[in-house]
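Residue numbers (this note's numbering), protein chains in the order written: chain A, 1 to 320; chain B, 1001 to 1320; chain C, 2001 to 2320; chain D, 3001 to 3320.
Idealized CB from N, CA, C, for every residue including glycine.
Comments concern the structure below.
Protein chains: 4
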Amino acid sequence: MADRLPSRIEGMNETEKTLRAVSEGAERWLHRPIKCLDHGFVRLVDYMGNDTAIVQAARVSYGTGTKKTTEDRGLIRYLRRHQHTTPFEMVELKFHCKMPIFVARQWIRHRTANVNEYSARYSVLDREFYMPESDNLAAQSLSNRQGREAVLPPKEAQEVLRLLKEDSSTAYDHYEYFLNDDGMGNPVDAKRSMLARELARMNLPVNYYTQWYWKIDLHNLMHFLALRMDSHAQYEIRVFADAMARIVKEAMPIAYAAFEDYQLNGMHLSGPEKVIIAKNNWPMTEAKLQKVALSMLDNNKRETAEFIDKAQQLGLIAKK
Amino acid sequence: MADRLPSRIEGMNETEKTLRAVSEGAERWLHRPIKCLDHGFVRLVDYMGNDTAIVQAARVSYGTGTKKTTEDRGLIRYLRRHQHTTPFEMVELKFHCKMPIFVARQWIRHRTANVNEYSARYSVLDREFYMPESDNLAAQSLSNRQGREAVLPPKEAQEVLRLLKEDSSTAYDHYEYFLNDDGMGNPVDAKRSMLARELARMNLPVNYYTQWYWKIDLHNLMHFLALRMDSHAQYEIRVFADAMARIVKEAMPIAYAAFEDYQLNGMHLSGPEKVIIAKNNWPMTEAKLQKVALSMLDNNKRETAEFIDKAQQLGLIAKK
Amino acid sequence: MADRLPSRIEGMNETEKTLRAVSEGAERWLHRPIKCLDHGFVRLVDYMGNDTAIVQAARVSYGTGTKKTTEDRGLIRYLRRHQHTTPFEMVELKFHCKMPIFVARQWIRHRTANVNEYSARYSVLDREFYMPESDNLAAQSLSNRQGREAVLPPKEAQEVLRLLKEDSSTAYDHYEYFLNDDGMGNPVDAKRSMLARELARMNLPVNYYTQWYWKIDLHNLMHFLALRMDSHAQYEIRVFADAMARIVKEAMPIAYAAFEDYQLNGMHLSGPEKVIIAKNNWPMTEAKLQKVALSMLDNNKRETAEFIDKAQQLGLIAKK
Amino acid sequence: MADRLPSRIEGMNETEKTLRAVSEGAERWLHRPIKCLDHGFVRLVDYMGNDTAIVQAARVSYGTGTKKTTEDRGLIRYLRRHQHTTPFEMVELKFHCKMPIFVARQWIRHRTANVNEYSARYSVLDREFYMPESDNLAAQSLSNRQGREAVLPPKEAQEVLRLLKEDSSTAYDHYEYFLNDDGMGNPVDAKRSMLARELARMNLPVNYYTQWYWKIDLHNLMHFLALRMDSHAQYEIRVFADAMARIVKEAMPIAYAAFEDYQLNGMHLSGPEKVIIAKNNWPMTEAKLQKVALSMLDNNKRETAEFIDKAQQLGLIAKK
């Protein structure tokens, strides 16, 4: 249930006094790992700033003195609406995250964050690998090369999972055999060498879990969330984005609401799409729109389909 | 006196409880502006993390569990010595700064920070311009094109300051005349137009003060400090770097000491310089070193002078 | 006339052979400075890549082999439409630009570029300052704090320009007096000191010209152009953005057309604005829309005005 | 043999004319893949600028006009020596690289580059995985947690390679089974589903090969090379760094030589290390230095060992 907070990590309950800006919502979430996939999590480790910090930074730019709190909401929404993003960069969040390597590989493409990742050159990885729920074992979409379609039939799913589990286990057995490490830095089997960790890990598949500390400012986090909460993002990374969004929603509630209204739930119309709307009468039947749009969009079928989807959302298509 | 803290901005004394990592030294410095030059200042507005936060992030990479606090110092120093910089990126500091425009122009060249600057397009600048102390009015160095030499004789200094003040004042008088703004958005002289702010400000010289919120992580701040506390940096920006260093020294004392030992007070030897040291007996007279170094450094006089300076610091030059 | 290219800098006409991707449009523009404002310019100095280079990089991601050239246009447009921006980062442009300091200060806020600026610490600035055309001397907008309104009456404009010119000239006279430099590094007046350059320049107003080499990738340049070609950007920087756009339009014509269609001429609708469109019948009178929108937009007058402007563009407002 | 260039990719031999700066060395290397590891490579795909371009950008900053070519070398070396890095950012190189996933994971940590990676969400990976030469199968270093020690005995090496090959093959067999793709987008086995590519790839180990286009400026490339050509870097990434260095050495020969002299072959001395050198007579026996250094380095054994290694390189340790 969304209302129940995950419990806080033991021993992390002691408060101290600070003169800094405090966010009640962020305090509530500190050190409560949200479970993601089978062995992963997202945990808020630290933060800097709150909704008011955004306003303060903006007020430096605008040169106005302290204003009533009631105006803060309006200013934050104005800033977000007009993509004045620098004040949002003044807020930072630091997360501890654990995720499969293939998810980490997508995640790291966002370059505007700071990362300290667990290193398999120095340390030994745990026997933890991602096994999808069978509900998430979907077939390849034929229309969209990066998409999923219907879930696999139970028997097929079972077989996939069986092989996945088998290969993951075997890989780890051999990883352990290569390491030949009793955990104290001595060989288990004294007659054999201990292969360098940086080589031994080479055998592990990308469904193995890694972890990192990840620090990012609120503006760049919102950009990350907009891309990774999107329905086109791979399910396995979306789970992590959703978890972070849940935290931000309470930590910087005004900024998050503005993000939802102006970015997440927004829509971009291209120049040619604007022309189609401006030059026609609405609503229109889908059949007619199909023709009209296709001819106005350079006969591009894909772009036409995208526009029809937008027109649907805008209620511009006649019901019948 | 270095021991006396500047006083805290009024109304900024209320503490709240937090579950976050706290730095006692940083708390001590929050909202206490350090005066810089005649009208400028540096004030710590917010921070995230402390020495321990660096260790925690590093321990994720190294995969080791919690260690005794006594080992933290060793790890931080090890990280700094080996330029493992990512854990230092996990700490953030946010400053409110006020400085002349020509200082801001040098400062902004450090791209890895977040900035919200006062905008003279939106707002009216104050009549505040930098007037150097006559002690800082130095002649152009002839050997070093970006350097200063002896201080100007008092009479010359007075004349420079007189002209500087006159031009700065006149510029502001005309700026005000252009704006024709009574401070409430209405014209002072109803018969004249109010020139757009974005145009009127064009008349102000670069010794006028601007201000900004500036947020940066500890690693990049240390890079900034190493460059701007250096004796080759312009005096007017060095003052600001020194002020920030004073704060960081107390806010993250272990990290700052490591920075001093391994970066600020360190020295870089080039490959050819290493060869000179390795191939000769020490100490050596300066006269002899001059010849030896010149021939081994491709007859480059400037590089030779730089090496002699290093040899001096290393005690490799015979006293007599 | 837009069709006539500015002439190429003398001595820059010799071609060499290369195995690299070549852009005919970029070659045409190399070393032809486009005049901007009274003393400024933008000149293409170097470039890497062309439309085809974008396609090649994208094809690595998509793992498809070489395709017919006729499909390149479709792919570039698809990438731009869906904000798959990394292939556009594979193209670079390097410009030599000269602009007033206050323009440079806005420009430098774009951090994702490489810059080498003329340094007034090392070198002496020329007596070149920006004097607006009287057509561009506009009054402060009262509704929009960063905007301009009607042009000043001729007499007022003349007075502003007279003062601006006077102050700029005086500032430079004193700058020269401070420097006391005959251009060969010797004092003009042997009885006086030569003030350090880094101090002397402090007297110059921000309408003085500076210059730099500026290198940026195509994706980030398009972001810059979208912001700075916008009607809300200050006129004096828009001139430079327009000049660069003129070059890019010929250098990477397919990418630029996609940028125009999907970004420059596009429109963003917020979540609440989508709801207004979906829940109402169109067209609607402006008076009615005013009421409807205001109530659905949280009684926010500014946001309502913004939406009405969008509705106008979309032809959703009844003509009478 | 280092002198023989790898052959150029077929069909990439046609030159065109350009007005841009050309680097003969870079032209020589364009489209000649250097083999790295068993299936990987590095290939120069495009470049912008040459040694002269560095000088030109620097001359804008220093405000000096065109100088004799003979002075260019001196300026480039001066810039590198003093870490004036911005002119080196004015040169770009673009590489096509193919490497094991675990190498790509280290590589991508350098955030200041542009990347287009092959996507296993869209496309099917080839059956290509890294099998180390038995000479490179080294045991874990006990003194250095990220290091390698002696090579494994032949029999042990064979066993490691056998298991590695077996697991890699099995993983790919099941990957193919999951995909069930005949290469034309149709199922091989019509009775089974085709698992989504983004899921199927989850079974592949990190020794599988990926590839990307990677673009970086010369300054950041040199930073990458300094870290990854270092003896502490993992062998498998060092191979790629060495390959790129081979290209840069010919493409920007003056800049590369400066990089070697001032960065790659240089040495950093900490503040305390400088004090040790300055306060003692040289040479000194290792035994004595051990004691002296330990007491002056806070009893830190590791730091002492590091200093002794430096003293050795500087010829400060008595031969006997």
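If you draw a 10 Å sphere on the C-beta of N3144(D), you find fewer than 16 other C-beta atoms in it, and that means exposed. Remark: fewer than three beta-carbon pairs, one from each stretch, lie closer than 8 Å, so the stretch 85-94 of chain A and the stretch 261-277 of chain A are not flagged as touching. Cβ proximity to chain B below 8 Å picks out T2170, A2171, H2174, Y2177, F2178, L2179, D2181, G2185, R2192, S2193, M2194, L2195, A2196, R2197 and E2198 from the stretch 2169-2198 of chain C. D1046(B) belongs to the set of residues whose beta carbon lies under 8 Å from a beta carbon in chain A. Cβ contact annotation for F3095(D) (same chain, cutoff 7 Å, sequence separation greater than five): V3042, R3043, L3044, V3045, W3214 and M3244, in chain order. Nearest to H3174(D) by C-alpha distance, out of Y172(A), E176(A), N180(A) and D167(A), is D167(A). Between A139(A) and M3222(D), the C-beta spacing is not below 8 Å.
Interface with chain D (8 Å Cβ-Cβ cutoff): D1230(B) is excluded.
Taking a Cβ-Cβ threshold of 9 Å, none of the residues of chain D is close to P87(A); the smallest such distance is about 24 Å. Of all alpha-carbon atoms in K288(A), A26(A), G74(A) and V151(A), the one lying nearest the alpha-carbon of N2300(C) is that of G74(A). In its chain, beyond the 5 residues on either side, A3233 have a beta carbon closer than 7 Å to the beta carbon of L3227(D). By the Cβ test, the stretch 292-308 of chain A is in contact with the stretch 270-279 of chain A, since at least three Cβ pairs between them sit closer than 8 Å. Contact check for Y3209(D) against F3129(D) passes: the beta carbons are separated by less than 8 Å. Counting along the chain, V3292(D) sits inside no beta strand (DSSP E); it lies in the alpha helix (DSSP H) bounded by residues E3286 to M3296. By the C-beta density criterion, M2184(C) is exposed, having fewer than 16 other C-beta atoms within 10 angstroms. As the crow flies, the alpha-carbon of D38(A) is around 11 Å from that of V239(A). Interface residue (Cβ-Cβ distance to chain B less than 8 Å): M3296(D) is not classified as such. With its beta carbon less than 8 Å from one in chain C, E3016(D) belongs to the interface.
In the displayed model, T3170(D) falls within a helix according to three-state DSSP. Taking all protein chains in view, the Cβ of N3281(D) is surrounded by fewer than 16 other Cβ atoms within 10 Å, so the residue is classified as exposed.
For the pair K2274(C) and Q313(A), the Cα-to-Cα distance works out to about 8 Å. Within the same chain, and ignoring the five residues on either side of G2040(C) in sequence, the residues whose Cβ sits closer than 6 Å to its Cβ are K2098 and M2099. Sequence-distant Cβ neighbours of L3030(D) in its own chain, meaning closer than 6 Å and more than five residues away, are L3044. For K2249(C), DSSP records no beta bridge to any residue. At a cut-off of 8 Å between beta-carbon atoms, K3279(D) makes contact with chain B. For the pair M3252(D) and N3114(D), the CB atoms are not nearer than the 8 Å cut-off.
Ranked by how close their Cα comes to the Cα of T285(A), the residues D135(A), A311(A) and L264(A) have A311(A) in first place. If you keep only unbroken alpha helix (DSSP H) runs of at least 4 residues inside the stretch 70-131 of chain A, you get 101-107. Cβ atoms of N207(A) and M3131(D) stay farther apart than 8 Å, at about 21 Å.
The Cβ neighbour count for T3015(D), taken over all protein chains shown within 10 Å, is under 16; the residue is labelled exposed. Within the stretch 130-159 of chain A, complete beta strand (DSSP E) segments of at least 3 residues are found at 138-140 and 148-151, given in chain order. Beta-bridge annotation (DSSP): Y3209(D) is paired with P3100(D). Between D1217(B) and chain A, the shortest Cβ-Cβ separation is below 8 Å. Judged by DSSP secondary structure, V1045(B) falls outside any alpha helix (DSSP H) and instead within the beta strand (DSSP E) spanning G1040 to M1048. Boundaries for M2202(C): no beta strand (DSSP E) harbours it, and the DSSP string shows neither H nor E there. Of the candidates E1027(B), L1079(B), P1187(B) and D1189(B), the residue whose Cα lies closest to the Cα of Q1056(B) is L1079(B).
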